[in-house]
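Going by the working numbering, the sequence shown opens with residue 869, and the numbers climb by one from there. Think of the CB as a built atom: it goes at the ideal place given N, C-alpha and C, for glycine as much as any other residue. Read through the structure below, which is laid out as structure tokens, and then see the notes.
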Amino acid sequence: MPKTWMTTAFLAVFLASSAFAANGRSKSSQQAEPSSSRPDFVALQKAFIAAQERGDAEYVKNAVAEDFTGIETSGGTTDHAEFIHVEHSDKPGRPPILYDFKVIQLDEDCVVVTYNAVFPGNQLERYQHVSDTWVSEDGHWKLKFQQSTLNLWSAHDLD
């Protein structure tokens, strides 16, 4: 009799733990689905910068919100018309070095992407920290706001 009781208890514990494990797996896969359908914002950001670099005015125009505002490293502001003005160059310069990306999702329709950049052709504003705010408008992600700040870490490291 004690053996039957132990077998029944073991079987009950085993079945209960299996049910909890299966339930946990189904919840984690359900939770992963929304993030898997979410765009890769680092790739989106890199594609946008590449379009600017190659002079793809149509791509840039389609990616920037009509009410875009930018704050430049000088503190001045840029509006939509100024920002989307892209010149195509037959001899493009060296591409910027982009690194240390961070994505902060503010809500389901708004994301901030921050990154550091080295712009090789611009000695005065070569090192920058950039924050871009992307919003979903009619199912398309649009750049709504950008702020660029000079990154002076290298100059201050010499102290």
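Do residue j and residue i come within 8 Å of each other at the CB atom, strictly closer than that value?
| i | j | result |
| --- | --- | --- |
| phenylalanine 909 | lysine 1012 | no |
| proline 964 | valine 980 | no |
| lysine 1010 | valine 932 | yes |
| threonine 941 | glutamine 996 | yes |
| leucine 1018 | glutamate 993 | yes |
| valine 954 | alanine 925 | yes |
For residue i, collect the residues of the same chain with a Cβ closer than 6 Å to its Cβ; drop the 5 residues on either side in sequence, then sort them by chain order.
| i | result |
| --- | --- |
| glutamine 1015 | Ile939 and Ser999 |
| phenylalanine 969 | Val910 and Tyr983 |
| glycine 944 | none |
State buried or exposed for residue i, treating a residue as buried only when at least 16 other CB atoms are found within 10 Å of its CB.
| i | result |
| --- | --- |
| threonine 1001 | buried |
| glutamine 913 | buried |
| glycine 1007 | exposed |
| threonine 876 | Note that threonine 876 scores a pLDDT of 42, beneath 50, so its modelled location is shaky and nothing firm can be said. |
Suppose the cutoff is 8 Å on Cβ atoms and the five residues either side in sequence are ignored; what does the same chain contact list for residue i look like?
| i | result |
| --- | --- |
| arginine 962 | Pro988 and Gly989 |
| serine 1004 | Glu976, Asp977, Cys978 and Lys1010 |
Apart from the five residues just before and just after residue i, which ones in its own chain have a Cβ nearer than 7 Å to its Cβ?
| i | result |
| --- | --- |
| glutamine 973 | Val979 |
Along the chain, which unbroken stretches of the alpha helix (DSSP H) at least 4 residues long are found entirely within the segment 970 to 1021?
-> The qualifying runs do not exist here; there are none.
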